[in-house]
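Asks: Please see the structure below; I have some questions.
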Amino acid sequence: MSVLQLLQRLWSRENEKPSKDQAKERLRLVLVHDRVGVAPDRLLPMLKDDLIAVISKYMEIDEAGLDVTFSQEDSQMALVASIPVRGVRRHF
Amino acid sequence: MAGRVIVITSGKGGVGKTTTTANLGMALAQLGRRVVMIDADIGLRNLDVVLGLENRIVYDLVNVAEGTCRLRQALIRDKRCETLYLLPAAQTRDKEAVSPEQMRKITEELAQEFDYVLVDSPAGIERGFRNAIAGAKEALVVTTPEVSAVRDADRIIGLLEAEELREPRLILNRLRPDMVRRGDMMTMDDVLEILAIKPIGIIPDDESIIVSTNKGEPVVLDPHSRAGQAYREIARRLEGEDLPISPPQMADGFMGRLRRLIGLQSR
Ligand SMILES: Nc1ncnc2c1ncn2[C@@H]1O[C@H](COP(=O)(O)OP(=O)(O)OP(=O)(O)O)[C@@H](O)[C@H]1O
Ligand SMILES: [Mg+2]
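Here it is in structure tokens:
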């Protein structure tokens with residue numbers, strides 16, 4: 001290993017998240033699916049369908065542009081949804 | 001008053017259930033309690049060797065369940081501590097040989113005579129686990145600070161809750177302070193952010209556990225072992241003492257050991 005490679009190694013390791021944080025993030029996500037009892041590839045699509053159904057009662061949304069993901073900041077897991085609104089339904 | 005029936009369980013195998021059962025049993029007995037440990041790992045008997053009692057087994061759990069012998073006859077008294085007893089697992093028979101209903105009866109009967117009935121659960125979530133929790137009123141969940149072990153612990157916590165075993169307590173085993181310092185190992189606080197459970201103690205990863213298992217002497221009998229100290233503290237917490245749970249420190253070097261030896265530093 002050249003000196004340059006060694007330096008690169010050290011550098012990239014410093015920039016990488018500590019492995020225990022990676023462990024926590026992966027655990028949080030895997031436990032969501034374990035606890036809900038729904039496979040990872042099914043959970044978000046199911047959630048999306050339900051969200052569309054609920055929100056459509058009030059607004060017209062762009063279903064194709066709907067984006068739902070999990071995000072993790074600090075010690076919290078968040079469900080982040082971006083839902084383009086085309087228009088609000090008139091109720092009177 | 002009937003004694004406490006506590007199951008020691010984990011989901012994942014090899015994380016320290018048997019070591020924990022043996023050491024808590026011994027530590028509680030040394031506090032003057034009458035303790036019986038049940039090895040519920042049928043077919044994979046281990047608690048006997050960890051305790052160094054393997055040569056004294058005559059009858060086992062299956063014999064008791066089948067009525068081949070009376071419960072009292074199957075109990076082995078520890079050679080070091082006269083208030084400590086073991087009910088060994090059967091070694092060769094099949095796991096179906098004991099039913100949850102039989103386990104409930106056996107633990108109930110033992111709880112009449114002992115302050116503590118500790119049940120060492122096998123790994124997994126099948127029949128052996130069902131047997132182990134059948135008579136228990138409390139549960140200790142053992143995990144290591146690793147993704148797979150914590151994941152399985154979460155599963156077990158859910159199953160315990162479903163069985164009305166509320167308020168299980170967590171033992172974090174094999175913690176390595178050096179790895180924690182590098183950011184390469186989850187701490188108790190990290191694990192508690194993820195699992196819905198209260199802690200009862202942290203056991204450091206400690207060579208003395210392997211040495212003591214080699215000899216068949218629980219590590220709580222070694223006054224210098226850090227793991228032994230940690231187990232003694234858990235025993236006192238079980239007894240109701242309000243001891244703070246502090247994370248294990250780095251093993252000290254030569255000077256620290258010397259200072260401790262000549263009594264300049266407690267522990
Ligand atoms: N704190 C520790 N430090 C070092 N070694 C340990 C520690 N705890 C357990 N071990 C070792 O890990 C191994 C597994 O421990 P043990 O048999 O107690 O686990 P278990 O959960 O009962 O396993 P199983 O699921 O097979 O019943 C043993 O060899 C034991 O000596
Ligand atoms: Mg075991």
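Residue numbers (the numbering used here), protein chains in the order written: chain A, 1 to 92; chain B, 1 to 267. Quick reminder that beta carbons are idealized off the backbone N, C-alpha and C, glycines included.
(1) Rounding to the nearest angstrom, what Cα-Cα distance links glycine 135 of chain B and proline 168 of chain B in this structure?
(2) Where does isoleucine 42 of chain B sit, in a helix, a strand or coil, going by DSSP?
(3) Terminal residues of the continuous beta strand (DSSP E) containing methionine 186 of chain B?
(4) For leucine 118 of chain B, which of B:Leu238, B:Pro248 and B:Asp178 has the nearest alpha-carbon?
(5) Quick one: complete alpha helix (DSSP H) runs, 4+ long, within the region 192 to 241 of chain B?
(6) Does glycine 183 of chain B get closer than 8 Å to chain A when you measure Cβ to Cβ?
(7) With a cut-off of 8 Å, does the C-beta of valine 150 of chain B fall near any C-beta of chain A?
(8) Does the region 29 to 49 of chain B come into contact with the region 147 to 160 of chain B, if we say contact requires no fewer than three beta-carbon pairs (one atom in each stretch) closer than 8 Å?
(9) Just to confirm, are asparagine 131 of chain B and alanine 40 of chain B a CB contact at a threshold of 8 Å?
(10) DSSP state of arginine 70 of chain B, grouped into three classes?
(11) Thinking just about the alpha-carbon of each residue, which of A:Arg90, A:Asp50, A:Val85 and A:Thr69 is nearest to the one in proline 40 of chain A?
(12) Applying the 10 Å Cβ sphere with the 16-neighbour rule, what's the burial state of glutamine 249 of chain B?
(13) What distance in whole Å lies between the Cβ atoms of proline 88 of chain B and leucine 61 of chain B, which are believed to be in contact at a cut-off of 8 Å?
(14) What is the rounded straight-line gap between the Cα of glycine 216 of chain B and the Cα of alanine 22 of chain B?
(15) Whose C-beta lies closer than 8 Å to the C-beta of alanine 29 of chain B among residues of the same chain, with five residues either side of it excluded?
(16) Could you check what DSSP says for proline 247 of chain B in three-state terms: helix, strand or coil?
(17) Around the Cβ of glycine 87 of chain A, are there at least 16 other Cβ atoms within 10 angstroms (buried) or fewer (exposed)?
(18) With a threshold of 8 Å between beta carbons, is aspartate 190 of chain B in contact with chain A?
(19) Jot down the residue ranges of each uninterrupted beta strand (DSSP E) in the region 11 to 85 of chain A, minimum 3 residues, whole runs only, in chain order.
Replies: So, from the data block:
(1) Each residue's alpha carbon lies about 15 Å from the other.
(2) In this structure, isoleucine 42 of chain B counts as coil in the three-state DSSP scheme.
(3) For methionine 186 of chain B, no beta strand (DSSP E) run applies, since DSSP gives it neither H nor E.
(4) Closest option to leucine 118 of chain B, judged by alpha-carbon separation, among B:Leu238, B:Pro248 and B:Asp178: B:Leu238.
(5) DSSP runs (the alpha helix (DSSP H)) wholly in the region 192 to 241 of chain B: 207 to 215 and 226 to 238.
(6) Closer than 8 Å: yes.
(7) Closer than 8 Å to the CB of valine 150 of chain B there is at least one CB belonging to chain A.
(8) With a cut-off of 8 Å, the region 147 to 160 of chain B and the region 29 to 49 of chain B do not count as touching, because too few Cβ pairs lie within range.
(9) Yes, they are a contact pair.
(10) Arginine 70 of chain B sits in coil when the DSSP states are folded into three classes, being neither helix nor strand.
(11) Here the closest residue by C-alpha is A:Thr69.
(12) Classification for glutamine 249 of chain B: exposed.
(13) The C-beta distance from leucine 61 of chain B to proline 88 of chain B rounds to 7 Å, short enough to fall under 8 Å.
(14) Going by the C-alpha atoms only, they are around 10 Å apart.
(15) So the qualifying residues of the chain are Val35, Asp78, Cys81, Thr83 and Leu84.
(16) Proline 247 of chain B: coil per DSSP, three-state reduction.
(17) Note on glycine 87 of chain A: under 16 other CB atoms within 10 angstroms of its CB, so exposed under the neighbour-count rule.
(18) Contacts with chain A at 8 Å (Cβ-Cβ) include aspartate 190 of chain B.
(19) With a minimum length of 3 residues, the continuous beta strand (DSSP E) runs that stay inside the region 11 to 85 of chain A are 59 to 61, 67 to 73 and 76 to 82.
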